[in-house]
Structure formats: C-alpha cells, structure tokens
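Asker: Here it is, the structure, as structure tokens.
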Amino acid sequence: MSNMQADNRPKGKTPAIFSSFVDWCLKRGLSSIVTRGALTVTTASGRVLAFGDGTGEPVHVRFTDDRAEWALLIDADKRLGELFMDGRFIVERGTLYDFVAMMLREGQNSTHPLIARIIDHIRTKLRIFRHRNLPGRSKANVAHHYDLDARLYELFLDPDRQYSCAYFEHANQSLDDAQIAKKRHLAAKLLIEPNNSILDIGCGWGGLALHMAEHAPGGYVLGVTLSEEQHEYASKRTTEKVGETPAEVQFALRDYRSLTGRFDRIVSVGMFEHVGLASYRTFFRKCAELLEDDGIMVLHTIGCSATPGFTTPWLDKYIFPGGYIPALSEIVPEIEAAGLAITDVEVLRLHYAKTLEAWRERFMARWDDAAKLYDERFCRMWEYYLSTAEAAFRYEDLVVFQIQIAKRNDIIPLTRNYIAENEAKSASKLDVEGSVQREANDVLVG
1495 MSNMQADNRP
1505 KGKTPAIFSS
1515 FVDWCLKRGL
1525 SSIVTRGALT
1535 VTTASGRVLA
1545 FGDGTGEPVH
1555 VRFTDDRAEW
1565 ALLIDADKRL
1575 GELFMDGRFI
1585 VERGTLYDFV
1595 AMMLREGQNS
1605 THPLIARIID
1615 HIRTKLRIFR
1625 HRNLPGRSKA
1635 NVAHHYDLDA
1645 RLYELFLDPD
1655 RQYSCAYFEH
1665 ANQSLDDAQI
1675 AKKRHLAAKL
1685 LIEPNNSILD
1695 IGCGWGGLAL
1705 HMAEHAPGGY
1715 VLGVTLSEEQ
1725 HEYASKRTTE
1735 KVGETPAEVQ
1745 FALRDYRSLT
1755 GRFDRIVSVG
1765 MFEHVGLASY
1775 RTFFRKCAEL
1785 LEDDGIMVLH
1795 TIGCSATPGF
1805 TTPWLDKYIF
1815 PGGYIPALSE
1825 IVPEIEAAGL
1835 AITDVEVLRL
1845 HYAKTLEAWR
1855 ERFMARWDDA
1865 AKLYDERFCR
1875 MWEYYLSTAE
1885 AAFRYEDLVV
1895 FQIQIAKRND
1905 IIPLTRNYIA
1915 ENEAKSASKL
1925 DVEGSVQREA
1935 NDVLVG
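If you count the sequence shown from 1, you need to add 1494 to reach the working numbering.
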C-alpha cells in the first residue's frame, strides 16, 4: 500500500548544522499550526518532534532527507505532493488524508510564513496569464487527465462514470444513488419539456446527456467533449441505447467555441473549471449565442467561497493543467457582460467532500489494480489528489456553484418549489421503471 514506500534519500551527507537548522525551522513552523490533535514527525536526522494536544487519532510522518524538509518549508503547495509521490515524505501511522486534514483544519487559525505569503500573492496576481486556454491547449489539457486508461476510472466511479460532485439528499445516501440524485437535480432546474433541444458542454462519458434525453421525448441532445476516450465511450453508449431513449442523442468531439445553432437548454457540469480565467467572457458569449431566447442554462462548477486565489502548482502540473477554481465574483460579471441573467444560485458545500471521500475509499481498496495499470508512484499521486481535494472541500473554502441562467426573467417559476416537484416526478418515474425491470428480471430468472 501507499505507506510502504522506498527510501529515496538523496545521496551525500548533509552537514549537521544544516540538519539542525532545518529541524528547528520545521518545529517552529508546525508548532504555529498544529495546536490540536496528535502529530509526530520524525526528521531525516532522526529527531522525533511532537505537535498538538495529544487528542484524537495519532498521525506519524517521516522525512527521508533534509532537503525534503526544506522543500516543504519553502513551497508546501507544490512540494508536499511531489515528496509523497517520490517516497521522501512517508505516512507511517494514520493516512495521508489524516495528515492533510489536520494541516488544513489547524491552518485556518494560523498565519503562514512570510515567504509563503509572498509566493501565494505572486501566484494570485499571475493567475490570468497562466490560464489562457486556447483550443489547442484546451484539448491537450483535457487529454492529460481524461484520456487516461478507462479502467482507472472504473475503480472508483459509479457505474455511470459520473466524475463530478454528487448530490447527497441525506447523510447516509450511497455514492451511486447520490449521483443519480445529482442528474435528477440538474434536470429539475432545467425545466426540460418535450421536443427540447439540449446541449451538454463537457459531456464526460455521456451519462448526464442520456439522462436528459429521458426528459425530452421527441427532442434532441448533443453532448460535446474534447476527450477522445470519453467521446468513444459515450458514442458506444448511444449505439447500445438506440430505441430506448425518447430523444435523439449524439456525441461530438468538438470544442464548444466551434458550435453553431440554437438550443432550448444548455447544461455544463465540471467543465467550466477547465475554461481558463481569460476565456470566461468567450464562454458566456458563446452560450448566449447558442441559447434560445426562451431557453434555460445551468452551470455546475467547483468554486471558491472566498476572494479569488490561484490553482495550486502541484494540481496544475500533475492533475488538471490549465484548470482554475473561480470565485463567484469572477463569474457573475462575465455572465452579465454576455447579456445573460442569473435566475438562481445554489451553493453545494460538503457534497463534494462526501463524493471525494467515497472515491478515495474505493480507490484505496483497489490500489493493487491501479498499480497494475500504472505504478506505485502514480497511485501515490492519485491518493494525494483525492486526499487533498477532500480535505479542501471539508476545511477550506471550496464549494460547488449551480448557477441557473436565462435571457428572460419570466421563464422561471416565481418560487423554487418547482425543483422539488420535478425531482419527485423524476424519482417516481425511476421507481416505476426500476420495478418493471425487476419484474422482468424475475420472469427471466424464473
């Protein structure tokens, strides 16, 4: 498993005075952060440092070399992930998530070192220059993450391959049911009608588009993606479901900027994070061009409930190159500039933390299978990605925005009651279809 890592200590003896200085800096830095819990750190020189008040489950970590400690002190946002991937930062008791969660939870009430604050400030100021996702770069960025071996995603996603925040209607709901609830929730907000034309921007593996088709008899659903793997998979699903969905469904390997025509409904889930800050105006103006005058759009995106920030360099390099998590204050002006109106905003808070927790637990349970697809270093990278993301949604300011958009203010009902009503209708239909399917299966078995 992830704790059984090779000692990748750089060759060469480090002067004792440098080791002592690095250990002192580490102790001083962590003492200002960890005041609760039970954290034990074994330094490269063999010193054992204890932090916190001793409460809760203990977490023990170890550094294999002084340079690893120093790298963490200088730029934890980037280097912690790399050190963990390379086996130079090892979690010996507890899990990586336990350590990261402790750091983020305790870090809320501490002041970061001056050098860290300076680096963060520079990264925030430079964010617009780092996120100019022109068509060619956008496709390459998407391929980096979404064109991985499809079997990897089967290890931790639900059967429909929903790779975005689920919607938990109650605390004990399963991931699979919460993903169905997410699709139902989005469809309810779109107020889909028979014969509607629907555009799904960033359609993933096609599950949401196929769900929308169930609500639009006689209509047409187009899902677009830049991922060749996703397009191939989604297209096969369309072939398998010929004659089963009330609406025609097609999937295209296209950039949203190249689309033409008009649609009654537009939905985009988990794609806006890849648009890039500098392209927000282009995105919403294109949506305004594609949306019918009496149309409705719903944007589902990860967001930041605080002031604008920056994408952590580790995430930008290893997981989502070109990705950016916006504050609501960065989205709203661009919607207004496109001549569109916001008709509803919902903030999903801990839903993604619960989603990521389920993904992380499933992935860790299938670690050996993932290692056969790639290697141990890749698995540690994926564990770090899922663990830090979950902790950020639980203890920092990451949320999910669902923004409903229209061109006219009389398209949406006066109150939000219609959402629950539409969800109830959809759930009832699903229950009936499930009952019929179970009866058919019983006949086949009998």
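Beta carbons: idealized from backbone N, C-alpha and C, even for Gly. Computed from a predicted model, the values in this text were never measured in an experiment.
Starting from Ile1905, trace the alpha helix (DSSP H) both ways and give me its first and last residue.
Answerer: Element bounds for Ile1905: n/a, residue is neither H nor E.
Asker: Please confirm whether Gly1789 and Ile1760 have their CB atoms less than 8 Å apart.
Answerer: Taking 8 Å as the Cβ cut-off, Gly1789 and Ile1760 qualify as a contacting pair.
Asker: Quick check: the Cα distance between Pro1688 and Leu1524, rounded to an integer number of angstroms?
Answerer: So the alpha carbons of these two residues sit roughly 59 Å apart.
Asker: Are the C-beta of Arg1655 and some C-beta of chain C separated by less than 8 Å?
Answerer: The question asks about chain C, but that chain is absent: this structure has only one protein chain.
Asker: Is the beta carbon of Glu1884 sitting closer than 8 Å to the one on Tyr1647?
Answerer: No, they are not a contact pair.
Asker: Let's see if you can read the secondary structure: which residues bound the alpha helix (DSSP H) around Ile1829?
Answerer: Residues Leu1822 to Ala1831.
Asker: My output table needs one value for Gly1817: the three-state DSSP class, helix, strand or coil.
Answerer: DSSP places Gly1817 in coil when its eight states are reduced to three.
Asker: Which parts of the stretch 1538-1616 are runs of the alpha helix (DSSP H), unbroken and 4 residues or longer, counting only runs that do not cross its ends?
Answerer: For the stretch 1538-1616, whole alpha helix (DSSP H) runs of length 4 or above, ordered along the chain, are 1560-1568, 1570-1579 and 1590-1601.
Asker: Which of helix, strand or coil does DSSP assign to Ala1532?
Answerer: Here Ala1532 sits in coil by DSSP.
Asker: Buried or exposed: Asp1551, going by 16 or more other Cβ atoms within 10 Å of its Cβ?
Answerer: Note on residue identity: the sequence assigns Glu, not Asp, to residue 1551. Per the 10 Å Cβ criterion, exposed.
Asker: To the nearest angstrom, report how far apart Lys1919 and Ser1691 are at their CA atoms.
Answerer: C-alpha separation (whole angstroms): 21 Å.
Asker: Determine the direct distance from the alpha carbon of Gly1701 to that of Arg1843, and round the result to whole angstroms.
Answerer: Going from the Cα of Arg1843 to the Cα of Gly1701 covers about 23 Å.
Asker: Report yes or no: do three or more beta-carbon pairs, one from the stretch 1907-1922 and one from the stretch 1668-1683, lie closer than 8 Å?
Answerer: Because the criterion of three Cβ pairs below 8 Å is met, the stretch 1907-1922 and the stretch 1668-1683 touch.
Asker: Report the three-state DSSP secondary structure of Thr1797 (helix, strand or coil).
Answerer: What sits at residue 1797 in the sequence shown is Gly, not Thr. The answer is strand: DSSP assigns Gly1797 an E or B state.
Asker: With burial defined as no fewer than 16 other Cβ atoms inside 10 Å of the residue's Cβ, what is the status of Val1715: buried or exposed?
Answerer: By the neighbour-count rule (16 or more Cβ atoms within 10 Å), Val1715 is buried.
Asker: What separation, rounded to the nearest whole angstrom, lies between the Cα atoms of Ile1825 and Glu1877?
Answerer: Each residue's Cα considered, the two are about 30 Å apart.
Asker: Between which two residues does the beta strand (DSSP E) holding Val1761 run?
Answerer: Its beta strand (DSSP E) spans residues Phe1757 to Val1763.
Asker: CB of Ala1595 to nearest heavy atom of the ligand GTP: below 7 Å?
Answerer: Of the ligands one can find in the structure shown there are none, so the ligand GTP has no counterpart to examine.
Asker: Measuring only the C-alpha atoms, how far is Ile1897 from Ala1570?
Answerer: When rounded, the distance between both Cα atoms is 33 Å.
Asker: Is DSSP giving Ser1691 helix, strand or coil here?
Answerer: Note: Ser1691 maps to strand in three-state DSSP.
Asker: So, at 8 Å on beta carbons, what are the nonlocal neighbours of Leu1867 in its own chain, with the 5 sequence-adjacent residues on each side left out?
Answerer: So the list reads Asp1643, Arg1645 and Leu1646, once near-sequence residues are dropped.
Asker: Taking buried to mean at least 16 other C-beta atoms within 10 Å of its own C-beta, is Leu1908 buried or exposed?
Answerer: Its Cβ having fewer than 16 others within 10 Å, Leu1908 is exposed.
Asker: Can you grab the Cα-Cα spacing for the pair Ser1514 / Glu1600, in whole Å?
Answerer: Rounded to whole angstroms, Ser1514 to Glu1600 spans 25 Å at the Cα level.
Asker: Cβ atoms of Thr1719 and Leu1747: under 8 Å apart, would you say?
Answerer: Yes, these two residues count as a Cβ contact at 8 Å.
Asker: Return the chain-ordered list of same chain residues with a C-beta closer than 7 Å to the C-beta of Ile1829, the five sequence neighbours on each side being excluded.
Answerer: For Ile1829, where only same-chain residues beyond five positions count, the Cβ hits under 7 Å are Phe1778, Ile1836 and Ile1899.
Asker: When the Cα of Val1743 is compared with those of Ser1762, Arg1541, Arg1561 and Ser1729, which residue comes out closest?
Answerer: If we check each option's Cα against that of Val1743, Ser1729 comes out closest.
Asker: What are the partner residues of Ala1865, as DSSP defines its beta bridges?
Answerer: The partner list for Ala1865 (beta bridge, DSSP) is empty, contrary to what the question assumes.
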